[in-house]
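Before any comments, here is the structure.
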Ligand code: NAP
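Structure below.
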């Protein structure tokens with residue numbers, strides 16, 4: 517039976533690592549602060565906002581919500597991002613997406629100061645992920661996968677990792693972060709042929725497709741580590757991942773649950789990036805004095 521790679525111990529470890537940095541910032545009068553910008557009231561956004569707020573409070577950080585009407589014009593959203601950029605007491609910004617279709621998402625994302633881009637939404641941050649640069653931060657979910665693998669000491673160097681899904685939020689950035697760690701990465705998507713066989717050949721499989729329980733026993737083989745990034749609802753309205761957990765758990769060596777896996781770690785990574793951004797801002801401010 518597989519080892520369960522739960523998110524909670526990773527969350528606790530990140531919190532312990534962050535505590536000295538947050539305490540040091542507080543001594544200089546700085547509380548790491550995350551702006552959450554939300555357009556409308558999508559239930560998943562509201563739920564993420566509540567979780568982020570709780571996580572921030574438990575760490576001694578702060579959240580500043582900016583809630584816009586579902587039909588707010590693009591100019592209003594742009595004004596909020598300019599306010600976030602200019603407010604020195606805000607260190608990171610999380611913009612919930614997808615934005616309504618009448619808003620030019622790329623144009624809006626590009627407005628954010630890359631130093632406050634703790635979720636890898638600007639082209640500068642994404643370029644950094646692809647070039648091993650130091651601008652901004654990688655998307656939090658991709659970074660959460662790496663935290664999970666590192667916490668449970670999953671070997672990556674020279675190992676074959678199959679990433680299913682090629683979005684800019686998860687699949688592409690996590691593939692680049694894995695390459696940085698000398699994994700041999702195969703990126704798969706909806707047009708990939710022989711996907712079950714490719715997945716079975718991997719040491720580590722990361723599923724990020726949004727297909728509720730779409731990955732059954734035929735995709736996996738003994739000894740593998742499986743990261744399930746999916747957050748889906750099945751036909752009965754139950755929260756589930758991309759992997760058919762009950763069918764796959766008896767086969768593989770280790771697997772993340774849904775809920776309680778990658779999603780749990782993502783909010784902690786968001787806060788870790790915010791604390792790092794606050795440290796950079798504080799260093800820049802002290803150099804200017
Ligand atoms: P997305 O933008 O819709 O991308 C889905 C990817 O999966 C696409 O690349 C698509 O391929 C691929 N795909 C779809 N059906 C497939 C199939 N049958 N076989 C192989 N590949 C297939 O989704 P996303 O934003 O990356 O999110 C993916 C999942 O992760 C969702 O369940 C989402 O809720 C979850 N998520 C979780 C977190 C977290 O914190 N845990 C954060 C973000 C997202 P094509 O490119 O060919 O269309």
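In this note's numbering, the protein residues as written are 517 to 805.
Backbone N, C-alpha and C fix where the C-beta goes; we use that ideal spot for every residue, glycine too.
By DSSP's criteria, residue i is part of a beta bridge. Which residues make up the other side?
i	result
residue 578	549
residue 700	676
residue 722	679, 743
residue 759	731
residue 520	771
residue 555	584
residue 749	755
residue 608	550
Is it true that the CB of residue j sits closer than 8 angstroms to the CB of residue i?
i	j	result
residue 678	residue 661	no
residue 739	residue 713	no
residue 639	residue 621	no
residue 676	residue 718	yes
residue 746	residue 725	yes
residue 785	residue 759	no
residue 655	residue 614	no
residue 611	residue 634	no
residue 624	residue 582	no
residue 781	residue 527	yes
residue 555	residue 584	yes
residue 731	residue 692	no
residue 632	residue 788	no
residue 672	residue 642	no
residue 593	residue 609	no
residue 630	residue 791	no
residue 538	residue 663	no
Please confirm whether residue i has its beta-carbon closer than 8 angstroms to some beta-carbon of chain B.
i	result
residue 579	You won't find chain B in this structure, because it holds only one protein chain.
Can you check which of these residues, the options, is closest to residue i by C-alpha distance?
i	options	result
residue 652	680, 594, 624, 607	607
residue 543	632, 800, 795	795
residue 518	771, 800, 693, 547	771
residue 715	737, 694, 706, 695	737
residue 665	630, 684, 710, 721	721
residue 683	663, 706, 667, 674	706
residue 685	711, 658, 541, 667	658
residue 744	779, 710, 618	779
residue 591	667, 618, 605	618
residue 801	696, 565, 561, 605	605
residue 551	644, 589, 565	565
Below 6 angstroms CB to CB, which residues in the same chain sit around residue i once its five sequence neighbours on both sides are set aside?
i	result
residue 728	748, 750, 756
residue 681	687, 724, 725
residue 668	521
residue 561	554, 612
residue 595	none
Just to confirm my understanding: we take residue i, look at its own chain, exclude 5 residues before and 5 after, and list those with CB closer than 8 angstroms. What are they?
i	result
residue 586	555, 556, 557, 616
residue 541	547, 548, 791, 794, 795, 798
residue 711	680, 704, 735
residue 696	648
residue 761	729, 744, 771, 773, 774
Considering only residues of the same chain and omitting the five flanking positions on each side of residue i, which have a CB-CB separation below 7 angstroms?
i	result
residue 546	794, 798
residue 670	720, 741
residue 783	567, 568, 571
residue 709	none
residue 818	Nothing can be reported for residue 818, as the shown portion of the chain is limited to 517 through 805.
### At least 3 beta-carbon pairs within less than 8 angstroms: the region 754–772 vs the region 693–710
no
Discussion item. Does the contact criterion of 3 or more C-beta pairs under 8 angstroms hold for the region 775–785 versus the region 519–531?
Written reply: By the Cβ test, the region 775–785 is in contact with the region 519–531, since at least three Cβ pairs between them sit closer than 8 angstroms.
Touch test, the region 590–607 against the region 745–754, Cβ-Cβ under 8 angstroms, three pairs minimum
no
| task | Please confirm if the region 572–590 is in contact with the region 530–545, defined as three or more CB-CB distances below 8 angstroms between the two stretches. | result | The way I'd put it, the region 572–590 does touch the region 530–545; three or more beta-carbon pairs between them come closer than 8 angstroms.
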